[in-house]
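Written below as structure tokens is the structure these notes are about.
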Amino acid sequence: MTTESLSINAEICRLFSIMFYNPEETFLSEPETVKALSGLLKEADASLKEDAETLVNSLEGVDRQELMLDYAALFVGPFQLQAPPYGSVYLDLSKTVNSESTAKVVDVYKKFGLNVDAEMREPADHIAIELEFIHTALITIGNMKNQNRDASEPEQALRDFVNKLFMPLVSQMCELMQKNASTDFYRTLGRILLKYSDNI
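Each position in the sequence shown, counted from 1, maps to that position plus 48 in my numbering.
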């Protein structure tokens, strides 16, 4: 990846992460974030144009209560989650939150000099936190390349993380989002994140 594409993909991952937090606290109060994500997705991959536009259009006139209920049903509870946002649910035999694969995720974060805060509201393998990590890793790699430093080691570490820990979460969670979401917004988000993830 060129440093420009690293920068674009880093920002896309940061914006995607916002989509997996409480909508009232994030993109419903700042709808420009969804438009920014849509614009960058179209710039990064022309094949995402239609889905990127659908993502923006799906928020126009959306019933906020319905969106909040969909968000809760998919990712928060209190009942069985329709699209659990935790890697360990898909990667570990126990299918429980905060288990073996979560520790592997934490180890990767530490390789990039990131400390996992005990005060975090979610486990380290929550989809939003993993996307924030990829954002940080891409920025780190881009900075190293700008300084003409060898970035092969962090690039390989990121590739391994994406292939072994991130993609198993994304592929299964996004399929569940498309199947179980009651709003066009979250259905489209699942579809577009799954398609986009091949670019990382």
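Every residue, glycine too, gets a C-beta built ideally from N, C-alpha and C.
Please classify residue i: is it buried, with 16 or more other beta-carbons within 10 angstroms of its beta-carbon, or exposed?
i    : result
F209 : buried
A229 : buried
T231 : buried
F127 : exposed
P133 : buried
M225 : buried
Since residue i and residue j should fall inside the 8 Å C-beta cutoff, what is the C-beta to C-beta distance between them, to a whole number of angstroms?
i    : j    : result
I60  : Y244 : 7 Å
A131 : M221 : 5 Å
I189 : E203 : 6 Å
F64  : L241 : 6 Å
Y119 : P71  : 6 Å
L213 : K152 : 6 Å
R104 : S77  : With the sequence shown as reference, residue 104 is identified as Val, and Arg is not the correct amino acid for it. That pair is no contact at about 16 Å.
Using C-beta distances below 6 Å, list every residue in its chain close to residue i, excluding the 5 sequence neighbours before and after it, in chain order.
i    : result
R62  : H183
T150 : S136, P171, A172, D173
S106 : D232, F233, T236
With distances taken from CA atoms, which of the options is nearest residue i?
i    : options                : result
E52  : I187, V82, I175        : I187
V218 : M168, G238, E73        : G238
E98  : T236, G125, Q195, T150 : T236
R207 : M192, Q195, I248, I175 : I248
V124 : M215, A176, F181       : A176
Please return the same chain residues whose Cβ sits closer than 8 Å to the Cβ of residue i, not counting the five positions on each side in sequence.
i    : result
V164 : V154, Y157, K158, A172
Beta-carbon within less than 7 Å of residue i's beta-carbon, same chain only, minus the 5 sequence neighbours each way: which residues are those?
i    : result
M116 : P71, E72
Practice task
Please go through the stretch 81-127 and give each complete alpha helix (DSSP H) segment of 4 or more residues, from N-terminal end onward.
Solution key: 97-105, 112-119
Handout entry: Contained beta strand (DSSP E) runs [length at least 3] in the stretch 134-175, N- to C-terminal order
Key = none
Problem - Ranges of the alpha helix (DSSP H) found wholly within the stretch 172-247, counting only runs of at least 4 - result: 175-194, 200-209, 215-228, 232-244
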